[in-house]
Amino acid sequence: SAMEETDREAVATAVQRVAGMLQRPDQLDKVEQYRRREARKKASVEARLKAAIQSQLDGVRTGLSQLHNALNDVKDIQQSLIDVNKDWRQSINTIENLKDVKDAVVQHSQLAAAVENLKNIFSVPEIVRETHDLIERGELLQAHRKLMDLECSRDNLMYEQYRMDSKNTHDMNLIHTYFGDMQKLSEELAKQLWMVVQRSLVTVRRDPTLLVSVVRIIEREEKIDRRMLDRKKQTGFIPPGRPKKWKEKMFNILERTVSTRIEGTQADTRESDKMWLVRHLEIIRKYVLDDLLVAKTLLDQCFPPQYDIFNRLLNMYHQALATRMQELAAEDLEANEIVSLLTWVLNTYNSAEMMGNSELSPEVDVNSLDPLISQSVVDQLLSKYMSTLTSNIIGWLRKALETDKKDWIKETEPEADQDGYYQTTLPAIVFQMFEQNLQVAAQINEDLKTKVLLLCLQQMNSFLTRYKDEAQVYKEDHLKNRQYPQCYVQYMIAVINNCQTFKESIISLKRKYLKIDMEDTLSISHTNMDATLDIIAKEGCSSLLDEVFMDLEPHLNELMTKKWLMGSNAVGTICVTVEDYFNDFAKIKKPYKKTMTLEAHRRVVVEYIRAIMLKRISFKNAEERKEGAERMIKEAEQFRFLFKKLAAGSGEDTEGLCDIIEAIAEVIKLTDPSLLYLEVSTLVSKYPDIRDDHIAALLTVRGDASRDMKQTIIETLDQGPTQPNPNYVPIFKEITVPTLTVPKLLK
Numbered sequence: 116s117a118m119e120e121t122d123r124e125a126v127a128t129a130v131q132r133v134a135g136m137l138q139r140p141d142q143l144d145k146v147e148q149y150r151r152r153e154a155r156k157k158a159s160v161e162a163r164l165k166a167a168i169q170s171q172l173d174g175v176r177t178g179l180s181q182l183h184n185a186l187n188d189v190k191d192i193q194q195s196l197i198d199v200n201k202d203w204r205q206s207i208n209t210i211e212n213l214k215d216v217k218d219a220v221v222q223h224s225q226l227a228a229a230v231e232n233l234k235n236i237f238s239v240p241e242i243v244r245e246t247h248d249l250i251e252r253g254e255l256l257q258a259h260r261k262l263m264d265l266e267c268s269r270d271n272l273m274y275e276q277y278r279m280d281s282k283n284t285h286d287m288n289l290i291h292t293y294f295g296d297m298q299k300l301s302e303e304l305a306k307q308l309w310m311v312v313q314r315s316l317v318t319v320r321r322d323p324t325l326l327v328s329v330v331r332i333i334e335r336e337e338k339i340d341r342r343m344l345d346r347k348k349q350t351g352f353i354p355p356g357r358p359k360k361w362k363e364k365m366f367n368i369l370e371r372t373v374s375t376r377i378e379g380t381q382a383d384t385r386e387s388d389k390m391w392l393v394r395h396l397e398i399i400r401k402y403v404l405d406d407l408l409v410a411k412t413l414l415d416q417c418f419p420p421q422y423d424i425f426n427r428l429l430n431m432y433h434q435a436l437a438t439r440m441q442e443l444a445a446e447d448l449e450a451n452e453i454v455s456l457l458t459w460v461l462n463t464y465n466s467a468e469m470m471g472n473s474e475l476s477p478e479v480d481v482n483s484l485d486p487l488i489s490q491s492v493v494d495q496l497l498s499k500y501m502s503t504l505t506s507n508i509i510g511w512l513r514k515a516l517e518t519d520k521k522d523w524i525k526e527t528e529p530e531a532d533q534d535g536y537y538q539t540t541l542p543a544i545v546f547q548m549f550e551q552n553l554q555v556a557a558q559i560n561e562d563l564k565t566k567v568l569l570l571c572l573q574q575m576n577s578f579l580t581r582y583k584d585e586a587q588v589y590k591e592d593h594l595k596n597r598q599y600p601q602c603y604v605q606y607m608i609a610v611i612n613n614c615q616t617f618k619e620s621i622i623s624l625k626r627k628y629l630k631i632d633m634e635d636t637l638s639i640s641h642t643n644m645d646a647t648l649d650i651i652a653k654e655g656c657s658s659l660l661d662e663v664f665m666d667l668e669p670h671l672n673e674l675m676t677k678k679w680l681m682g683s684n685a686v687g688t689i690c691v692t693v694e695d696y697f698n699d700f701a702k703i704k705k706p707y708k709k710t711m712t713l714e715a716h717r718r719v720v721v722e723y724i725r726a727i728m729l730k731r732i733s734f735k736n737a738e739e740r741k742e743g744a745e746r747m748i749k750e751a752e753q754f755r756f757l758f759k760k761l762a763a764g765s766g767e768d769t770e771g772l773c774d775i776i777e778a779i780a781e782v783i784k785l786t787d788p789s790l791l792y793l794e795v796s797t798l799v800s801k802y803p804d805i806r807d808d809h810i811a812a813l814l815t816v817r818g819d820a821s822r823d824m825k826q827t828i829i830e831t832l833d834q835g836p837t838q839p840n841p842n843y844v845p846i847f848k849e850i851t852v853p854t855l856t857v858p859k860l861l862k
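Numbering (our numbering), first residue to last: 116 to 862.
Shown next, in the form of structure tokens:
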């Protein structure tokens, strides 16, 4: 059994303990001591066990006695309930008979309320009059105090009536009608309050106490509203006209006032004033900033903190502005108006001139303000701006060119710049227009500025092509009648100079408005424009030289004729004419003028050599040859002197051109025909582009070489070596020699 099991365990444990105590021989002496200690322990455990069992027995005893008492109590209650039930059944009839008493009590409380309110009830008309006068005099706090008393009387009467008989609408209406004027008073007072609220930003400067009174009245009404709503929850009764919600109304009035304030700033329309929008936006900026500063410094103190009046107003202004800006964005705006609007919306609004004003911080944080118009609307406006601007620029450029063309046919010389170079106003007008549009675009943002710059340069590109065509037409018209226009040369010079101005302006425009990383996108169009400008200038220069050579033609025709040999002054006239033209050409800017001088020099020499090759003269004898050759050398010297003078300061060495004339003169001058081959071969080695027909023509002019001799010289020359000057630019290849038979000419 369990008991025996426990005994066995106890014995085993005891054996273990004793074995543990007696491990060494000397411990046997202490056996008695161990026995006593174990006996003490055993006694203590037994005592604790006894105590525990005792207390448990006591607990059980107490529990049983309490259960016994409870049973008795339940029996008593059961008996009492039976008695109550019996009594109640007997007294139902008695309660029925007490209804009269109850009615009397209700009537009594009603009469008590009536008596209480009697003095108020009788004086209602009087109080209404007084309150009306107070409102008229602007004593709003006292007026409101009286109004509250009246409302309180009415509401108490109505409440009593409601408690007594909530279905009796007739009596309710009676009270309502009797206090009817009071409702009008409330409306009158409200009207006064709203007028003060509407003008709060003005009132707060002149009479802050008035504004504080209004806020106090609104606060009192809010309190009454809350009380009435609480009572409604408990009783279901709420007086007519409640809740008044005057605080909510006040904020609505403020909101309307703000909207009206912003809408009302548009004084002009586009018809009456080109700058209507700029003006409108500037007035808005000023008003809004002033209003918010007043709201922050003065208005804030007149309202309880929980009204958060400054932030509420800030929101209202922001909303009203957003609405107004969206309306403006939806109008059919012109390009400059789009810029004004976007500059204001994207930059001015958040700048120190407005919301970023230091006096408004930290309450206003520009970074947390929502945008006034959405990005998509901004994008629409920008693309509309770009397309309007594109057509405007095309129109302006066309007009500028038309105006410039009108100048070309004037009978007065063009203006000169500070260095004396002829010019027209065209480049200045074009680039001033570009500058203005770029400065405008820069007000909005970098991206737009770059777009506008690209647009300007793109339009400039096509404009230059038109400019080139117009210059060509100008030249052709002049060739039909060289007397007209009178100042053709001077205006053609102005056109050439404009090319240089355009080049410089394009560079400075890019330097000023273009970010470095954009350079590549433009380099192609820039190269195109430079090329077009060079063509215009080059064609201009060559048309001016054509003018010179048309005037020189009769004199060039005199060269190498009998008349010339007899001593005509053709070359003198040629030099004077060229110099005369070059007085005008001095008004051409450096790079082009240098080219002109070189080209004129070259063309004079070419024409001179062409005159020789025309075989207009064939010398009869050595005497004539000597005379002709010396005249040629002298004239080469005249040309050399002239062009040295014209090229003064440009450091160009063009001596070599006149040397050709002298080298040809040497061939003609030669007196010993046996040396002719040597002389000719020297000429050919210097100027390897001399053709056989040139040599034949030259020998014909000499007049003493037989056909066989010509043949021999030409055939032998073909084998000779050449050693031209490395700087030599071939000149003979553009000179044709006339032949007698037409078929040969056509070969």
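Idealized CB from N, CA, C, for every residue including glycine.
*How many angstroms separate the CA atom of residue 308 from the CA atom of residue 259?*
Taking the sequence shown and counting its residues from 1, the one referred to as residue 308 is at position 193. Taking the sequence shown and counting its residues from 1, the one referred to as residue 259 is at position 144. Going from the Cα of residue 308 to the Cα of residue 259 covers about 11 Å.
*Taking all protein chains shown into account, do 16 or more other C-beta atoms lie within 10 angstroms of the C-beta of residue 453, making it buried, or fewer, making it exposed?*
Here residue 453 is taken as the residue at index 338 of the sequence shown, counted from 1. Burial call: buried.
*Just the C-alpha distance for residue 325 and residue 362, rounded to the nearest angstrom, thanks.*
For the purposes of this step, residue 325 is taken as residue 210 along the sequence shown, with counting starting at 1. For the purposes of this step, residue 362 is taken as residue 247 along the sequence shown, with counting starting at 1. Residue 325 and residue 362: Cα-Cα distance of roughly 17 Å.
_Residues of its chain near residue 740, where Cβ-Cβ distance is below 7 Å and the 5 sequence neighbours each way are ignored_ = Translated into positions along the sequence shown, residue 740 becomes position 625. 734, 783, 784, 817.
*Residues that residue 435 bridges to, as DSSP identifies them*: Within the sequence shown, residue 435 is the residue found at index 320, counting from 1. Partner(s): none; residue 435 has no beta bridge.
_Quick check: the Cα distance between residue 175 and residue 181, rounded to an integer number of angstroms?_
Here the question's residue 175 lines up with position 60 in the sequence shown. Here the question's residue 181 lines up with position 66 in the sequence shown. Rounded to whole angstroms, residue 175 to residue 181 spans 10 Å at the Cα level.
*I think residue 335 touches residue 263, with their Cβ atoms under 8 Å apart; what is that distance to the nearest whole Å?*
As a first step, residue 335 must be located in the sequence shown, where it is residue number 220. As a first step, residue 263 must be located in the sequence shown, where it is residue number 148. Going by Cβ atoms, the distance from residue 335 to residue 263 rounds to 7 Å, so yes, they are a contact pair.
*Run through DSSP, which three-state label would residue 531 get?*
Sequence index remark: in the sequence shown, residue 531 carries index 416 (1-based). Three-state result, residue 531: strand.
*asked:* Out of 275, 298, 274, 163, which one is the CA nearest neighbour of residue 246?
replied: Residue 246 sits at position 131 when you count from the first residue of the sequence shown. Residue 298 is the option with its Cα nearest to residue 246.
*Give a yes or no on contact between the region 444-461 and the region 500-513, applying the rule of three or more CB pairs nearer than 8 Å.*
yes
*Apply the 10 Å Cβ neighbour rule to residue 529 and answer buried if 16 or more other Cβ atoms are within range, or exposed otherwise.*
As a working note, residue 529 is residue 414 in the sequence shown. It counts as buried.
*Taking 8 Å as the cut-off, decide whether the C-beta atoms of residue 437 and residue 487 are in contact.*
As a first step, residue 437 must be located in the sequence shown, where it is residue number 322. As a first step, residue 487 must be located in the sequence shown, where it is residue number 372. Yes, the pair counts as a contact, with Cβ atoms nearer than the cut-off.
*Taking the continuous alpha helix (DSSP H) assigned at residue 711, which residues delimit it?*
Counting from 1 along the sequence shown, the entry for residue 711 is found at position 596. Residues 705-728.
*Considering only residues of the same chain and omitting the five flanking positions on each side of residue 289, which have a CB-CB separation below 8 Å?*
What you label residue 289 is simply residue 174 of the sequence shown in a count that begins at 1. Excluding positions up to five away in sequence, the list is empty.
*Per DSSP, what kind of secondary structure is residue 274 in: helix, strand or coil?*
Residue mapping note: residue 274 aligns to position 159 of the sequence shown, counting from 1. Looking at residue 274 - three-state DSSP - the assignment turns out to be helix.
*Best match in 571, 655, 692, 519 for proximity to residue 665 [C-alpha to C-alpha]*: Residue mapping note: residue 665 aligns to position 550 of the sequence shown, counting from 1. When only C-alpha atoms are compared, the closest one is 692.
_Distance check for residue 494 and residue 611, CA to CA, integer angstroms please._
Within the sequence shown, residue 611 is the residue found at index 496, counting from 1. Within the sequence shown, residue 494 is the residue found at index 379, counting from 1. For residue 611 and residue 494, the distance between alpha carbons rounds to 42 Å.
_Considering only their Cβ atoms, is the gap separating residue 707 from residue 615 smaller than 8 Å?_
Mapped onto the sequence shown, residue 615 falls at position 500. Mapped onto the sequence shown, residue 707 falls at position 592. Yes, they are a contact pair.
*To the nearest angstrom, report how far apart residue 850 and residue 729 are at their CA atoms.*
Numbered from 1 along the sequence shown, position 735 holds the residue referred to as residue 850. Numbered from 1 along the sequence shown, position 614 holds the residue referred to as residue 729. Taking the straight line joining both Cα atoms gives about 10 Å.
*residue 537 in three-state terms, based on DSSP*: On the sequence shown, position 422 is the one that residue 537 refers to. Note: residue 537 maps to strand in three-state DSSP.
_Pop quiz: residue 312 and residue 368 are said to be a contact at Cβ under 8 Å. What is the actual Cβ separation, rounded to whole angstroms?_
On the sequence shown, position 197 is the one that residue 312 refers to. On the sequence shown, position 253 is the one that residue 368 refers to. Correct: roughly 5 Å between the Cβ atoms.
*Within this structure, are the beta carbons of residue 670 and residue 689 separated by less than 8 Å?*
Taking the sequence shown and counting its residues from 1, the one referred to as residue 670 is at position 555. Taking the sequence shown and counting its residues from 1, the one referred to as residue 689 is at position 574. Cβ distance < 8 Å, so residue 670 and residue 689 count as in contact.
*Which same chain residues, not among the five before or five after residue 225, have their C-beta less than 7 Å away from its C-beta?*
Working through the sequence shown from its first residue, we reach residue 225 at position 110. Answer for residue 225: 275, 279, listed in chain order.
*asked:* In whole angstroms, give me the CA-to-CA distance for residue 778 and residue 759.
replied: To locate residue 778, count along the sequence shown from 1; it is residue 663. To locate residue 759, count along the sequence shown from 1; it is residue 644. Their backbone Cα atoms lie some 20 Å apart in a straight line.
*By Cβ distance below 7 Å, which residues in the same chain neighbour residue 544 in space, the five residues on each side in sequence not counted?*
What you label residue 544 is simply residue 429 of the sequence shown in a count that begins at 1. Answer for residue 544: 515, listed in chain order.
*Can you find a CB in chain D that lies within less than 8 Å of the CB of residue 408?*
Although the question refers to chain D, the structure presented lacks it and comprises just one protein chain.
*Return the first residue and the last residue of the alpha helix (DSSP H) that residue 740 is part of.*
The count along the sequence shown starts at 1 and reaches residue 740 at position 625. Run containing residue 740: 737-761, per the alpha helix (DSSP H) assignment.
*Look up residue 500 in the DSSP assignment and say whether it is helix, strand or coil.*
Position 385 of the sequence shown holds residue 500. Helix.
_Quick check: what's the CA-CA separation for residue 584 versus residue 590?_
Locating residue 584 in the sequence shown gives position 469, where the first residue counts as 1. Locating residue 590 in the sequence shown gives position 475, where the first residue counts as 1. Rounded to whole angstroms, residue 584 to residue 590 spans 10 Å at the Cα level.
*asked:* Considering only the alpha carbon of each residue, which of 854, 804, 261, 796 lies closest to residue 100?
replied: In the structure displayed, the chain extends from 116 to 862; residue 100 sits before or after that span and is not available.
*Cβ-Cβ distance between residue 417 and residue 319 below 8 Å*: Start at 1 with the first residue of the sequence shown, and residue 417 comes out as number 302. Start at 1 with the first residue of the sequence shown, and residue 319 comes out as number 204. Against a cut-off of 8 Å, the Cβ pair of residue 319 and residue 417 comes out as a contact.
_On the CB-based measure, 16 or more other CB atoms within 10 Å of its CB, does residue 861 come out buried or exposed?_
Reading the sequence shown from its first residue, position 746 is the one you call residue 861. With a pLDDT of 40 at residue 861, under the threshold of 50, the modelled position of that residue is not reliable, and no figure is offered here.
*By how many angstroms is the C-alpha of residue 339 removed from the C-alpha of residue 884?*
Outside the displayed range of the chain (116 to 862) lies residue 884, so it cannot be described from this structure.
*Note down the Cα distance separating residue 857 from residue 802, rounded to an integer number of angstroms.*
Here residue 857 refers to the residue found at position 742 of the sequence shown. Here residue 802 refers to the residue found at position 687 of the sequence shown. With a pLDDT of only 44 at residue 857, under 50, the local geometry of the prediction cannot be trusted, and the value read off the model is given with reservation. Cα-Cα distance, rounded: 28 Å.
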